[in-house]
Structure formats: C-alpha cells, structure tokens
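Trainee:
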Amino acid sequence: MNNVYGINLIPDNDTERIAALERYQIFNSHREKAFDSICELACELFSCPISHISFLNADTEFIKAEVGLNGLQYVSRSVGFCSVAILQPDLLLVEDTHKHELFVNHPYVTDKLRIRFYAGAPIISPDGYIIGTLCLIDTEPRSLTEKEKKLLRKLADVAMEQTQLRFDNLSLLQQRDEFIAIASHEMRTPVTALKAAIQVLHTYQDGPADLQKAMIEQANRSVNKLTYLVNDLFDTSRLAARKYNLEKTFFDIGELISNCCDFVKVSGKHELDIEGDLSVQVFADKEKIEQVLVNLVENAMKYAPDSLVILVRVHRLAEVLRIYVTDKGPGIGSDQLPHIFKRYFRSENGTPQAGLGLGLYICAEIVKQHGGEIGVESEQGLGSTFWFTIPMTA
Ligand code: ADP
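Have a look at this one:
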C-alpha cells in the first residue's frame, strides 16, 4: 500500500486483526452518544481541542466519534495517523509533529488541520487485537505526564468496553428477533392445521364419523402442540423474571416416574423401561421434577422416533439421586453437545421438529434451582443419555 509515511503500515496479523474488528459490527455504524461522550470527556480532561475514536479496517479509518473534526467520518488508511498508532500495543505519542520524521511532511501537518500534537491510545480487543484508537490532537506542541498517559490508556479501555457492550446488546436484539421469527413460525403450523380441521368439521357437520374423528384428532394434536409451545414461552419468561419459586415436598421418585409417563404407552410407538432405586424419597418440587422428566422423555420420543425402548434409570448415590433417560436414537454431534442446554438452541440435524429450543434450557434451570446438575452423554448413531441429579437431604 502506498502511503504518506513511506513505511509498511500493515502488521503481520492484519487479517486476524480485521476479523476481530468485524466481529464487533461497529465499522460504518451510526454515531452514538456513549462514544461521543468519551471524546468529550477526553477533550475536557486534557484541555484539548480535538479528540476522536477510530476503527481501522483494511483500507479505511472509520471515525466513530469525534470532537473538533466537523463530522469527519472516513480517512484513508494510507494517510490516517491511526494507521501508525495501531502498529504498536502502546500509546503513540507525537509531542511535536514538526520534530517527528514520520509526520513532519504529513499533509495534515503542513496544511489542512495543522496538527502539531498527537497522542493515540490503542483500543485492544480482549483477545489482543488492536482494532482502533482513541486520539487526542492539538494545534500546539505539548507533552503528557505519566499520569495523563495512564489516563488516556484507560479511556481507550473504556472505549473498548463500550464497543463490547454495544455488541452484546446488538447480539441480544438479533437473538430476540430470530427467536420471535422461529416462535411465530412454529405456532403458525399448528394454528393452520387447527383452522383446517375446524373448517372441515364446520363444512361437513353431518359428514362421516370417520372424518369427524380424524379432524377432531388433528385439532387435538394441534392444540397440544400449541399448549406445549405456549407453556415453554411462559416458563421462559418466568425464568427470566426469576419468578420461579420451588414448592418442595417429600415424594417417592418411582411413583412419580410411573405416573407421569403414561403418555409413552399411549403413543404406541415406544416402550418405557423404568429401573433402579425406585423406592427413594426425595425432597423437591414434585411438579417441576415431573416437568424435567417428561421433557426428557418427550425429547427421546421426538428426536429418537425409531428407538423402541426408552429407559429411565434411577441411581441413588451418597449425596444425590441421579436419574438417566436413555434412547437409542441418532444421538447428538459432539460439536453440538456443548450448546444443547443453551436457550434457543435447536439442532439442525434430522427431521425438523416443532420446538423453540427452550425445553432443555428450562430443564437445566429447574435442576440448577434445586442445586442439582444436568448433563448428556451421546454418540452419533448410538443414542443419547440425558441425566440430572437431585440433592438428597440427610
Ligand atoms: P425443543 O424445546 O425445541 O424440543 P430442546 O431444548 O428440548 O428443544 O432440545 C434442543 C435440541 O436438542 C433439539 O433441537 C434436538 O436437536 C436436541 N435433542 C434433545 N433431545 C435429544 C435426543 N434425545 N436425541 C437427539 N437430539 C436431542
């Protein structure tokens, strides 16, 4: 790259550096008060007429915020001071441009801005890439005390924190939008099926009993699906609002398991085997533990449709009760396992299933609230074992 400095302005790690910058989605973004305020503060603190926050990509310096530059937004990398400042992990301090060989003939020094003093502190990402600078500019030569240098570096750190915060907010908003899109899509399918069933029932009020029965069954399935989705949404919002109080009682774990999983038999497609230490009494929120168990068994049915047997095993250990739900389904890829309990996570493998990626997240939250742990072991092609623990009170 030809540049006014006549030196190499491209650091060895420039590709990775630009990738780090792009992650923050800040280049070309609108002006934002928080960044302007940092520049205003810098001008005040250092009694300086000009301050700016810049981010540098492959060929352009983008000025995200500034005081004293009349709304200037872009400077070519071949000219910008920032291009030199990012070459070193510490402050670039030019006390007098007229005495600095790199800057003495710079166009911003000889005409235009008449810059005499420049101090640029690097904005460094947590993984160590210099993505931009926080700069002070004056038309008079000057110097900085050690304390002032420290302060300027600190302000650059604040600019980085603000960049991170802005990005986290952006990600949350994107995640929320994505979630709303998925949720409405998931709800549209059963609503459409329900509408169709009602329409058929309405049109053929005296129609054959078979048809009526089929339509009522379809309507029923759709309503169940909707209930399932709405319940997940409701649980999630309650979790977010931390309005989940546990109502603990003593109950028999074996009894709970055999009572709550009748739906497996009813489906006619799977067998439920229950084994282990079934006569253990636990002290927990019965409804919530049932919810976790039902969710894991339902997932086994949903995501392992060809696994004839679903095994629920209870193992009493010294301090916890461990409950396993095993299927012989397609399993879960090792790349997906770390994400499986995260909110909104849905695997894209296999046949698409109705779901919002909330079930396991809700299970994990319930188990955590009980002071237990949740996990999964799975091998692709062999099946999955989900497990959770309930602490045993002495
Ligand atoms: P949802 O509420 O949408 O069913 P979950 O949080 O319960 O979502 O599950 C998240 C993802 O985990 C699912 O999209 C599915 O891919 C995977 N998963 C859950 N249980 C199993 C299982 N028993 N076998 C294979 N994959 C599973």
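Residue numbers (my numbering): 93 to 486.
Cβ coordinates follow ideal geometry from the N, Cα and C atoms, glycine included.
Between the beta-carbon of Gly346 and the beta-carbon of Ser371, is there less than 8 angstroms?
Mentor: Cβ atoms of Gly346 and Ser371: closer than 8 angstroms.
Trainee: Should Asp208 be labelled buried (16 or more other beta-carbon atoms within 10 Å of its own) or exposed?
Mentor: Just to set this straight, residue 208 is Arg in the shown sequence, not Asp. Under this definition Arg208 is a buried residue.
Trainee: Rank Asp151, Tyr166, Leu448, Ile130 by C-alpha distance to the C-alpha of Glu270 and give the top, closest one.
Mentor: Leu448
Trainee: Using 8 angstroms as the cut-off, can you tell me whether the stretch 250–267 makes contact with the stretch 216–226, which would need three or more C-beta pairs spanning the two stretches below that distance?
Mentor: yes
Trainee: Per the contact definition of three or more C-beta pairs closer than 8 angstroms, is the stretch 449–462 in contact with the stretch 474–483?
Mentor: Between the stretch 474–483 and the stretch 449–462, the count of Cβ pairs shorter than 8 angstroms is three or higher; the stretches touch.
Trainee: Please check if any C-beta of chain B sits within less than 8 angstroms of the C-beta of Gln428.
Mentor: Although the question refers to chain B, the structure presented lacks it and comprises just one protein chain.
Trainee: Rounded to the nearest angstrom, what separates Gln428 and Arg435 at their Cα positions?
Mentor: Spanning the two alpha carbons is a distance of roughly 13 angstroms.
Trainee: What does a CB cutoff of less than 7 angstroms around Met279 pick up in its chain, not counting 5 residues either side in sequence?
Mentor: Leu318, Leu321
Trainee: Would Cys135 and Val159 be called neighbours here (beta carbons separated by less than 8 angstroms)?
Mentor: At the C-beta level, Cys135 and Val159 come within 8 angstroms of one another.
Trainee: Would you kindly work out how many angstroms separate the C-alpha atoms of Val63 and Leu403, rounded to a whole number?
Mentor: Within the shown structure, residues of the chain are numbered from 93 to 486, placing residue 63 beyond reach of any answer.
Trainee: Between which two residues does the alpha helix (DSSP H) containing Cys227 stretch?
Mentor: For Cys227, there is no enclosing alpha helix (DSSP H); the enclosing beta strand (DSSP E) covers residues 222–230.
Trainee: Distance, Cα to Cα, Ala248 vs Ala333?
Mentor: 35 angstroms
Trainee: What's the C-alpha gap between Thr328 and Lys246?
Mentor: 39 angstroms
Trainee: Exposed or buried, Tyr221, counting other C-beta atoms within 10 Å across all chains shown (16 or more means buried)?
Mentor: Buried.
Trainee: Could you name the residues of the same chain whose beta carbon sits closer than 7 angstroms to that of Leu137, not counting the 5 residues immediately before and after it, in chain order?
Mentor: Leu243
Trainee: Given Phe437, which residues of its chain have a CB within under 7 angstroms of its CB, disregarding the five upstream and five downstream residues?
Mentor: Closer than 7 angstroms at Cβ, skipping near neighbours: His431, Gly449.
Trainee: If distances are taken between C-alpha atoms only, which option among Val176, Gln117, Phe119 comes closest to Val96?
Mentor: Out of Val176, Gln117, Phe119, Val176 has the C-alpha closest to the C-alpha of Val96.
Trainee: Have a look at Glu232, Tyr116, Cys227 and flag the residue whose alpha-carbon is nearest the alpha-carbon of Ser146.
Mentor: Cys227
Trainee: Can you determine whether any heavy atom of ligand 1 sits closer than 7 angstroms to the C-beta of Ile178, and answer yes or no?
Mentor: Answer for Ile178: no, Cβ out of range of ligand 1.
Trainee: Would you list the one or two residues that DSSP bridges to Glu367?
Mentor: Answer by DSSP bridge pairing, in chain order: Arg405.
Trainee: State yes or no: is the C-beta of Pro422 nearer than 7 angstroms to some heavy atom of ligand 1?
Mentor: yes
Trainee: Give me the residue from His190, Leu325, Leu331 with the minimum Cα distance to Pro233.
Mentor: His190
Trainee: Rounded to the nearest angstrom, what separates Thr485 and Glu411 at their Cα positions?
Mentor: 8 angstroms
Trainee: Given this structure, state the Cα-to-Cα distance separating Thr237 from Val468, to the nearest angstrom.
Mentor: C-alpha separation (whole angstroms): 57 angstroms.
Trainee: Counting only runs that start and end within the stretch 166–215, where is the alpha helix (DSSP H) found for 4 or more residues in a row?
Mentor: 174–177, 199–202
Trainee: Whole angstroms are fine: how far does the CA of Lys239 sit from the CA of Ile102?
Mentor: Each residue's alpha carbon lies about 31 angstroms from the other.
Trainee: Per DSSP, which residues does Gln428 bridge with? Please list them.
Mentor: DSSP lists no partner for Gln428.
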